[in-house]
Structures are given as structure tokens and as C-alpha cells.
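Here's the structure we're looking at; comments come further down.
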Amino acid sequence: MPEFLAELLNRNDIFTASTIMEYWGGLVTTVQLVFLSLVLGLLLAVPLAIMRTSKNPLINTPVWLYTYVFRGTPLLIQLYIIYYGLAQIEGIQQTFWWEIFRGAFYPALLAFTLNTAAYTTEIIRGAIVATPHGEIEAAKAYGMSWALRMRRIILPSAARRAVQAYSNEVIFMLHASAIASVVTLVDLTGAARNIYSRFYAPFEAFIFVALIYMALTFLLVFAFRKLENYLLQHQRPVNG
Amino acid sequence: MKKMIIAASVALSMMAGVAQAQERDLRIAFDVPYAPFEYKDDDGELTGFEVELAEAMCEEMNADCEFVIQAWDGMIPGLMARKFDLIMSSMSITPERAERVLFSEPYYNTPGGWFAREGFDTDVTDMDAMEGKTVGVQRGTTMDTYVTEEMGGIVKIKRYTTADDMVLDLEGQRLDVVFVDYPVGEQTILSKEGFKEVGEPVKLGQGVGVAMRKRDEDLAEEVNEALATLKDDGTYDAIMNKYFDYDIKM
Numbered sequence: 001m002p003e004f005l006a007e008l009l010n011r012n013d014i015f016t017a018s019t020i021m022e023y024w025g026g027l028v029t030t031v032q033l034v035f036l037s038l039v040l041g042l043l044l045a046v047p048l049a050i051m052r053t054s055k056n057p058l059i060n061t062p063v064w065l066y067t068y069v070f071r072g073t074p075l076l077i078q079l080y081i082i083y084y085g086l087a088q089i090e091g092i093q094q095t096f097w098w099e100i101f102r103g104a105f106y107p108a109l110l111a112f113t114l115n116t117a118a119y120t121t122e123i124i125r126g127a128i129v130a131t132p133h134g135e136i137e138a139a140k141a142y143g144m145s146w147a148l149r150m151r152r153i154i155l156p157s158a159a160r161r162a163v164q165a166y167s168n169e170v171i172f173m174l175h176a177s178a179i180a181s182v183v184t185l186v187d188l189t190g191a192a193r194n195i196y197s198r199f200y201a202p203f204e205a206f207i208f209v210a211l212i213y214m215a216l217t218f219l220l221v222f223a224f225r226k227l228e229n230y231l232l233q234h235q236r237p238v239n240g
Numbered sequence: 001m002k003k004m005i006i007a008a009s010v011a012l013s014m015m016a017g018v019a020q021a022q023e024r025d026l027r028i029a030f031d032v033p034y035a036p037f038e039y040k041d042d043d044g045e046l047t048g049f050e051v052e053l054a055e056a057m058c059e060e061m062n063a064d065c066e067f068v069i070q071a072w073d074g075m076i077p078g079l080m081a082r083k084f085d086l087i088m089s090s091m092s093i094t095p096e097r098a099e100r101v102l103f104s105e106p107y108y109n110t111p112g113g114w115f116a117r118e119g120f121d122t123d124v125t126d127m128d129a130m131e132g133k134t135v136g137v138q139r140g141t142t143m144d145t146y147v148t149e150e151m152g153g154i155v156k157i158k159r160y161t162t163a164d165d166m167v168l169d170l171e172g173q174r175l176d177v178v179f180v181d182y183p184v185g186e187q188t189i190l191s192k193e194g195f196k197e198v199g200e201p202v203k204l205g206q207g208v209g210v211a212m213r214k215r216d217e218d219l220a221e222e223v224n225e226a227l228a229t230l231k232d233d234g235t236y237d238a239i240m241n242k243y244f245d246y247d248i249k250m
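And the structure:
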């Protein structure tokens, strides 16, 4: 172990069992929040991206407006509006919605989902638009219907083109989730802020969570490399 | 001859430097809004109990003071990074903080107060009744420490960076009750319709002091002297009576 690290651990009163548990709770919250918002965001983004490529302005324009609004404003502002804004709606406290939105988790999940869905929609739209015409013509020549063409040809081909850009979106989302702590959610950053304010040791408290974020990012990068290898294996040289 | 001129001018400029050092330059940090201690009035001017006290203290110390706005989270790091020299932003003296900064003698102490919406009738000292209630505190304050230690496993604690966000969540019914510095609660919560004070104010901690870097011991001595003079000559009382109808002097 490097000298400075050993020394840091020896003369610290920060990494006790209770603070480690607080970090652990934060890690669980961060992973839940990011994972759920990414899954829901992706599920929303695929149909939205298909709608976005439609030539019919009635289908295309609402989706364009949605992605424009959510990509055009900071996530922090969206989170503030959803968290504090919802509580200001007259009478919401008496409805069942309040059971969901009383805590900080679901408002944050809603904001993150809508935000990542907007970015993912544009990523997938770009990939769909870039589908080579030849592939679509060939599918039409086989007599495939629109739905079959979408399912068998366009979406799989778009997924291959989108995966690199999407891996960036996933990593950005992980880091963007750090702002959840401003609405009292104790995620990784929230845990670090609590611990920092108790011990007044910003370096230890924040460097530790920075390392956890880096470890999570490393796992994501690794997983996406595997996924890319799988999706793009047909492009590798035969003996590669 | 030339050398003599240079030597003379160097000596002169050094003397000028010494003369300037007589009037100290000090930067004092506040976290606003924290009414009535430090906030911006309708014209956007920084004012409040601690701001006026700081002004009087600077005059007493014959110092040229500059006021800096700093968010609470970055207070101590900012002091360490020499972004300012003094913190006069209602920083309560605690052993943990005293490890990092040098405190002056305390210059005021206010209790923590419980505030809730009208209709809240739970006894805040009855732990059985408080079970499962959501309590709001400002992160890292003595009120936070108190609730965490006394009611940790019993109530659900939500920690906020600013008092404004906390009051918003009390209004929006996300919190059942908040435990906040009494004057702040009085100003920001009781001034609104539909809120009330519950239970008794709780005396906490060792009071509020001016925070400085550990090595600035000379400065601390000067600050203590200036504060003692202000407390004795009636200046302190005059400022206090402007903002409070009760005694917070210490």
C-alpha cells in the first residue's frame, strides 16, 4: 500500500462502520436510480425515436418538441421543477399521486427518466436515419411490411450504430445522478455531503465517492465493450 | 550614487508597506439568505445582525473589510483556500469544527426551534409519538447533530442545504416538522400563514463564534478584543435590539 494511503487511513476518523454503511446506502440509491431511469428511458426512447423519424408532422413534431425541451434545459432545473413544482399543485397532497411523489426518489426518477429518454431518442433517431438505403430497399424487395422491416432490419442495424453514443449517455447519466442530493435524496454524493458536513473533511469524503463513481464507470465501460464486441462481431476480420 | 538612490527608494517603499499594514485588509464570508443574521434587503444590499456587527468590528479593528458571499457547504474549504479570512455566518462552535478552524469567543447563541404547519399536534419530546415522522434540518448544523443523536432511529431525517428549500418542503407537506435555528424559523416560517411553533426551544451548543484559520492567532486576538469592546460599549446591544426582541448576547 502506498505510504500516503496508509497514513490517510491511519489518522482518519471518517471511514468508520457507520459512514461506510452510509456510503453503501448511497451506492444502492444511486445504482437503483440510474438503472431504473436508464431502462425506462430506453423503453420510452425506442418508440419515440421511430415517431421522430416519421414524415407525418403530427407524429414527428410533439416528439421533436419534447426532446428539444428536455435537451434544451439543465437537468438540475428539470429536477427542481418536478420536485418542488409537484408539491405546489393545489390539492395534490390529497390524491394517491402524493404517495408516490412525497418522497424524493420518484420525482428524481421521473426527471432522470424523461431527461435520458430525450437524449436517447435523438441518439436512436440519428442511427435510424443513417440506415443505408440499400438495406431498406432490399427489405422492401423481399416484400417485408413496415413493421417487419423495422423489427428485422432497421432497428437491429440502428442499434449497432447507436451503441457507442449510448454508452456515453449511460456514463453521463451516472454522473448526472449526483445532483439527486439537492432534493434531499441520500445517493452517493448525498452521503458524501452528509459525511463531509459532519467531519469537515472535504478531501476524504469526496475523493472516496469519486473513486466509487470511477469504479462504476469502469464496470459500465467494460460491459459496453462486451456488448459492442457482440453486436459488431460480423465486422471483425475473419482471423481477428 | 545610483545605488544609494535605489537603496533609499527600496527603504521608502518598505516603510510605505509597513504603514499600509496598519490598516488591515480583511475579507469576511457570509452565507445568504439567513435572515435576520445576513440577508439582502429590498435594494440588494447585504445587511443583518452579523453584517452590522462585522461592520462595527472592522471599524473597531481599523480594518478595511470586504464582504464575500459563500455558500455554506464551501465555508471552511474557502477559508482554508484563503478566499477570505473570517467567517461570520452563524457558525456554531463545535469540537469537530474547532479541529479545522480557530474560533473567537462566542458572540451570540440562539436556541433551536420546532416549527410545523397548523394542525400538527404531536409532542416533539414524546419519542413514541414522533416515531416515523419526517423531520427537516439543515445539513451539518447543531440542530442536525441534535436530531441525529437524540432521535436518529426514531424519526426520518431529511437534510437540506438551505433553509428556503426546507421551508418549501414543509409547505409542500413533505416534512411534518422542522428543527431550525430559532430566529430563522421565526423569520422564514412564522411570518407565513398556516405555520406555528411547537414545543419549547432547545438550547444547543457553545454559541456562535468568528471562524479563522488556525495560524491566524494574532487576528483572533484582535477579533476578541474588538468584540469585547463592542459588547461593553453598547454597540452590540444597539445592533441586537434592531433585529431581536429577545437576548442572544453571549
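Heads up: the protein sequence lines correspond to chains A and B, in order.
The first sequence: position 148 = 148 (this note's numbering), numbered continuously.
The second sequence: position 78 = 78 (this note's numbering), numbered continuously.
Even for Gly, the Cβ is constructed at its ideal location relative to N, Cα and C.
When the Cα atoms are used, what is the spatial distance from residue i to residue j?
{"i": "Asp-233 (chain B)", "j": "Ala-35 (chain B)", "result": "25 Å"}
{"i": "Ala-21 (chain B)", "j": "Phe-67 (chain B)", "result": "Unreliable placement is indicated for Ala-21 (chain B), whose pLDDT of 47 sits below 50; the coordinate value is still reported in the next sentence. If I take the Cα positions, the gap works out to 19 Å."}
{"i": "Thr-53 (chain A)", "j": "Met-150 (chain A)", "result": "12 Å"}
{"i": "Phe-222 (chain A)", "j": "Phe-70 (chain A)", "result": "29 Å"}
{"i": "Gly-143 (chain A)", "j": "Arg-225 (chain A)", "result": "35 Å"}
{"i": "Ile-50 (chain A)", "j": "Ala-162 (chain A)", "result": "14 Å"}
{"i": "Ile-179 (chain A)", "j": "Leu-33 (chain A)", "result": "12 Å"}
{"i": "Leu-40 (chain A)", "j": "Thr-148 (chain B)", "result": "35 Å"}
{"i": "Ile-171 (chain A)", "j": "Ala-215 (chain A)", "result": "12 Å"}
{"i": "Arg-27 (chain B)", "j": "Leu-211 (chain A)", "result": "35 Å"}
{"i": "Asn-241 (chain B)", "j": "Leu-38 (chain A)", "result": "56 Å"}
{"i": "Arg-152 (chain A)", "j": "Ala-158 (chain A)", "result": "11 Å"}
{"i": "Thr-122 (chain B)", "j": "Phe-115 (chain B)", "result": "11 Å"}
{"i": "Trp-98 (chain A)", "j": "Ala-228 (chain B)", "result": "53 Å"}
{"i": "Ile-128 (chain A)", "j": "Arg-236 (chain A)", "result": "22 Å"}
How is residue i classed by DSSP in three states: helix, strand or coil?
{"i": "Asp-43 (chain B)", "result": "coil"}
{"i": "Phe-103 (chain B)", "result": "strand"}
{"i": "Asp-64 (chain B)", "result": "strand"}
{"i": "Pro-201 (chain B)", "result": "strand"}
{"i": "Lys-242 (chain B)", "result": "helix"}
{"i": "Ala-21 (chain B)", "result": "Because the pLDDT of Ala-21 (chain B) is 47, which lies under 50, any placement of that residue in the model is unreliable, and the question is left without a value."}
{"i": "Phe-96 (chain A)", "result": "coil"}
{"i": "Ser-157 (chain A)", "result": "helix"}
{"i": "Ile-241 (chain A)", "result": "Only positions 1 to 240 of chain A appear in this structure, which leaves residue 241 (chain A) out of reach."}
{"i": "Val-212 (chain B)", "result": "The residue you asked about is not Val; residue 212 (chain B) is Met in the sequence shown. Correct three-state label for Met-212 (chain B): strand."}
{"i": "Ile-189 (chain B)", "result": "coil"}
{"i": "Ile-77 (chain A)", "result": "helix"}
{"i": "Gln-138 (chain B)", "result": "strand"}
{"i": "Ala-16 (chain B)", "result": "Caution applies to Ala-16 (chain B), whose pLDDT of 49 falls short of 50 and renders its modelled position unreliable; the model cannot decide the point."}
{"i": "Ile-89 (chain A)", "result": "coil"}
{"i": "Tyr-236 (chain B)", "result": "helix"}
{"i": "Lys-55 (chain A)", "result": "coil"}
{"i": "Ala-111 (chain A)", "result": "helix"}
{"i": "Gly-26 (chain A)", "result": "helix"}
{"i": "Asp-165 (chain B)", "result": "helix"}
Under a Cβ-count criterion, where at least 16 other Cβ atoms within 10 Å of its own Cβ denotes burial, should residue i be classed as buried or exposed?
{"i": "Tyr-230 (chain A)", "result": "exposed"}
{"i": "Glu-135 (chain A)", "result": "exposed"}
{"i": "Ile-207 (chain A)", "result": "exposed"}
{"i": "Val-238 (chain A)", "result": "exposed"}
{"i": "Arg-125 (chain A)", "result": "buried"}
{"i": "Ala-130 (chain A)", "result": "exposed"}
{"i": "Gln-88 (chain A)", "result": "exposed"}
{"i": "Ser-145 (chain A)", "result": "exposed"}
{"i": "Asp-144 (chain B)", "result": "buried"}
Does the beta-carbon distance from residue i to residue j come in below 7 Å?
{"i": "Ala-111 (chain A)", "j": "Gln-78 (chain A)", "result": "yes"}
{"i": "Asp-61 (chain B)", "j": "Glu-222 (chain B)", "result": "Before going on, a small fix: residue 61 (chain B) reads as Met here, not Asp. Yes, they are a contact pair."}
{"i": "Thr-120 (chain A)", "j": "Thr-67 (chain A)", "result": "no"}
{"i": "Val-183 (chain A)", "j": "Tyr-83 (chain A)", "result": "yes"}
{"i": "Thr-141 (chain B)", "j": "Asp-176 (chain B)", "result": "no"}
{"i": "Pro-111 (chain B)", "j": "Val-202 (chain B)", "result": "yes"}
{"i": "Met-166 (chain B)", "j": "Tyr-160 (chain B)", "result": "yes"}
{"i": "Phe-101 (chain A)", "j": "Leu-114 (chain A)", "result": "no"}
{"i": "Tyr-213 (chain A)", "j": "Ala-205 (chain A)", "result": "no"}
{"i": "Met-88 (chain B)", "j": "Glu-50 (chain B)", "result": "yes"}
{"i": "Ile-239 (chain B)", "j": "Tyr-108 (chain B)", "result": "no"}
{"i": "Lys-214 (chain B)", "j": "Leu-53 (chain B)", "result": "no"}
{"i": "Gly-209 (chain B)", "j": "Ser-104 (chain B)", "result": "yes"}
Could you check whether the Cβ of residue i sits closer than 6 Å to any heavy atom belonging to the ligand SAM?
{"i": "Asn-56 (chain A)", "result": "Because no ligand of any kind appears in the structure shown, any question about the ligand SAM cannot be addressed here."}
Report the residues of the stretch 139-165 of chain B with a CB closer than 9 Å to any CB of chain A, ordered along the chain. Arg-139, Gly-140, Thr-141, Asp-144, Thr-145, Thr-148, Lys-158, Arg-159, Tyr-160, Thr-161 and Asp-165
What residues in the stretch 128-160 of chain A have a beta carbon less than 8 Å from any beta carbon of chain B? Residues of the stretch 128-160 of chain A with a C-beta less than 8 Å from any C-beta of chain B: none at all.
Contacting positions in the stretch 199-214 of chain A - beta carbon closer than 7 Å to chain B: Phe-199, Tyr-200 and Pro-202
Where the stretch 84-111 of chain A meets chain B: residues whose CB sits under 7 Å from a CB there: Tyr-84, Ala-87, Gln-88, Gln-93 and Arg-102
Got a sec: which bits of the stretch 53-84 of chain B sit with their beta carbon under 8 Å from any beta carbon on chain A, in order along the chain? Of all residues in the stretch 53-84 of chain B, Asp-73, Ile-76 and Pro-77 have a Cβ within less than 8 Å of some Cβ in chain A.
To be precise: take each residue of the stretch 176-193 of chain B, compare its Cβ to all Cβ atoms of chain A, and keep it if any distance is under 7 Å. Which residues remain? none
Residues of the stretch 84-106 of chain B with Cβ closer than 7 Å to any Cβ of chain A, in chain order: Glu-96, Arg-97 and Arg-100
Chain-ordered residues of the stretch 211-223 of chain B with a beta carbon less than 9 Å from chain A: none
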